[in-house]
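A.B. asks: Residue numbers (the UniProt record's numbering): 1 to 383.
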Ligand SMILES: NC(=O)c1ccc[n+]([C@@H]2O[C@H](COP(=O)([O-])OP(=O)(O)OC[C@H]3O[C@@H](n4cnc5c(N)ncnc54)[C@H](O)[C@@H]3O)[C@@H](O)[C@H]2O)c1
Ligand SMILES: [Zn+2]
Ligand SMILES: [Zn+2]
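1. Could you tell me which residues DSSP pairs with residue 29 in its beta bridges?
2. Have a look at residue 344 and residue 298 and give me their C-alpha separation to the nearest angstrom.
3. Considering only heavy atoms of ligand 2, does any lie closer than 7 Å to the CB of residue 203?
4. For residue 91, verify whether its CB is less than 7 Å away from any heavy atom of ligand 3.
5. Can you tell me where the beta strand (DSSP E) holding residue 223 begins and where it ends?
6. Is DSSP giving residue 107 helix, strand or coil here?
7. Report the rounded CA-to-CA distance for residue 59 versus residue 378, giving the unit in angstroms.
8. Indicate whether residue 181 and residue 250 have their beta-carbon atoms separated by less than 8 Å.
9. At a cut-off of 7 Å, would you count residue 161 as near ligand 2, judging by its Cβ distance to the nearest heavy atom?
10. Where do the N-terminal and C-terminal ends of the beta strand (DSSP E) with residue 208 fall, by residue?
11. Per DSSP, residue 283 is paired with what?
12. Between residue 380 and residue 98, what straight-line distance do the alpha-carbon atoms span, to the nearest angstrom?
13. Looking only at C-alpha atoms, which of 290, 122, 280 and 192 sits nearest to residue 170?
14. Checking 8 Å against the spacing of the C-beta atoms, do residue 130 and residue 257 come in under that value?
15. Within 10 angstroms of the Cβ of residue 153, are there 16 or more other Cβ atoms? Answer buried if so, exposed if not.
16. Could you please give me the residues that DSSP links to residue 80 through a beta bridge?
17. So which of 81, 318, 288 and 52 has the shortest CA-CA distance to residue 66?
18. Just tell me which of 348, 1 and 370 has its CA closest to the CA of residue 220.
19. Could you tell me the alpha carbon to alpha carbon distance between residue 167 and residue 330, rounded to whole angstroms?
20. Taking the beta carbon of residue 370 as the centre, do at least 16 other beta carbons fall within 10 Å, making it buried, or is it exposed?
21. Give me whichever residues DSSP pairs with residue 11 in a beta bridge.
22. What does the alpha-carbon distance come out to for the pair residue 306 and residue 266?
23. Cα-Cα, which of 45, 102 and 56 is closest to residue 2?
24. Report the rounded CA-to-CA distance for residue 316 versus residue 36, giving the unit in angstroms.
25. Using a 10 Å radius around the Cβ and a threshold of 16 neighbouring Cβ atoms, would you call residue 282 buried or exposed?
26. Which residues does DSSP pair with residue 184 in a beta bridge?
27. Quick check on DSSP: helix, strand or coil for residue 377?
28. If you draw a straight line from the C-alpha of residue 206 to the C-alpha of residue 323, how long is it?
Okay, here's the thing in structure tokens:
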């Protein structure tokens with residue numbers, strides 16, 4: 001089958017690899033029709049993770065079931081399904097509690113929890129930027145989509161990761177109707193966090209970035225764009241909130257946070273959030289941070305450590321919640337919103353391309369080139 005394979009820093013290739021296949025009785029085999037490129041892929045693409053050359057990328061996947069293992073009885077051949085980026089078993093202590101991003105059985109490393117398709121340190125599973133995808137524990141992991149799935153693929157594929165992750169940010173930050181919310185990062189995740197906060201009736205959503213095209217997308221849905229290249233985002237947020245700070249804050253950037261000149265400082269958004277959020281406010285961190293960053297700029301960063309303004313954080317009585325999104329907690333209800341016409345998350349998509357276009361698409365999206373807000377690849381056509 002054709003697949004997007006990681007070659008080395010800033011290099012991917014579309015090449016032929018052995019077909020994905022049913023390996024266990026509980027597996028489902030999916031012919032992928034839609035697979036996104038994610039900001040998380042870019043950490044791997046840039047060589048900032050342990051992702052091994054030769055592996056297939058892609059964790060935001062949607063497609064048609066073409067084969068089922070003998071122990072699968074809910075999912076049927078022909079179903080259109082969207083796969084949470086998390087691969088989880090459904091029966092471990094964490095899955096039972098809904099913490100499917102921290103599954104205790106699907107990551108073969110006993111020191112780690114959580115698995116995903118085509119993702120560094122999250123198990124050996126190949127990604128779905130390919131013609132076929134093996135889905136472990138198919139009955140548990142497949143979200144079977146409604147009859148309009150083939151027509152609304154660019155909406156439904158957002159259920160694999162970015163929309164639930166944006167929603168998760170607003171849940172971790174305890175966003176309530178009427179709240180003011182500050183969101184650092186206007187990438188797909190930040191935009192989806194803003195979209196979710198507005199759907200949850202936040203009164204004012206401020207989105208911070210230095211890419212004007214991405215800020216314009218945020219403005220399209222009614223968020224207030226804040227350009228951090230013009231002046232301090234903290235000051236702009238304090239001004240908009242009468243000096244009090246936002247009720248809630250969301251970090252949607254991750255460890256590669258940088259200033260508008262490109263100088264990287266992994267602690268900058270976290271410390272900005274401590275300053276931007278009110279006394280007793282909640283901060284959600286869904287941007288990715290790593291236990292080790294061998295290419296980090298100093299010894300602290302290399303160890304995954306950073307200086308946090310803990311005194312102010314403590315003094316303000318704030319709460320910080322972190323981690324990967326448990327997609328299954330939200331994907332069914334968000335699916336219903338798409339189906340009933342209450343939401344259209346495909347509004348962030350800027351490019352729909354063939355799998356063969358992946359190398360160029362990665363390069364453009366990685367450069368955060370103007371107009372490249374979200375790339376959707378189509379390895380195959382929906383039948
Ligand atoms: N927790 C999860 O489950 C989960 C799921 C998906 C993605 N992620 C992570 O979320 C993060 C965002 O993903 P994405 O797809 O939107 O990525 P992205 O790289 O496309 O977007 C990040 C945005 O942050 C902006 N930015 C950089 N430094 C900034 C700063 N100091 N202040 C404000 N904005 C700044 C960039 O200009 C960019 O627009 C990534 O780290 C990704 O790995 C986490
Ligand atoms: Zn993703
Ligand atoms: Zn589990």
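Where is the CB? At the ideal position from N, CA and C, for every residue including glycine.
C.D. replies: To lay it out plainly:
1. 67 and 134.
2. Their Cα atoms are separated by approximately 42 Å.
3. Residue 203 Cβ: outside cutoff for every heavy atom of ligand 2.
4. Under cutoff, so the answer is yes.
5. Looking at the DSSP string, residue 223 is not in any beta strand (DSSP E), and its letter there is neither H nor E.
6. Residue state, collapsed to three classes: coil.
7. Roughly 14 Å separates the two Cα atoms.
8. For residue 181 and residue 250, yes; Cβs fall inside 8 Å.
9. True, at least one ligand heavy atom lies under 7 Å from that Cβ.
10. Per DSSP, residue 208 belongs to the beta strand (DSSP E) from 204-209.
11. In the DSSP assignment, residue 283 is bridged to 249 and 320.
12. Roughly 32 Å between the two C-alpha positions.
13. Answer by Cα proximity: 192.
14. Going by C-beta atoms, residue 130 is not nearer than 8 Å to residue 257.
15. Residue 153 should be labelled buried.
16. Beta-bridge analysis with DSSP links residue 80 to 64.
17. Among 81, 318, 288 and 52, the Cα nearest to that of residue 66 belongs to 81.
18. Out of 348, 1 and 370, 348 has the C-alpha closest to the C-alpha of residue 220.
19. Rounded to whole angstroms, the gap between the alpha carbons of residue 167 and residue 330 is 8 Å.
20. Under this definition residue 370 is an exposed residue.
21. 8.
22. Residue 306 and residue 266 have their C-alpha atoms roughly 7 Å apart.
23. Closest option to residue 2, Cα to Cα, is 56.
24. Near 39 Å, if we compare the C-alpha coordinates of residue 36 and residue 316.
25. Burial call: buried.
26. In DSSP, residue 184 forms a bridge with 208 and 251.
27. Per DSSP, reduced to three states, the secondary structure at residue 377 is strand.
28. The alpha-carbon atoms of residue 206 and residue 323 are separated by roughly 22 Å.
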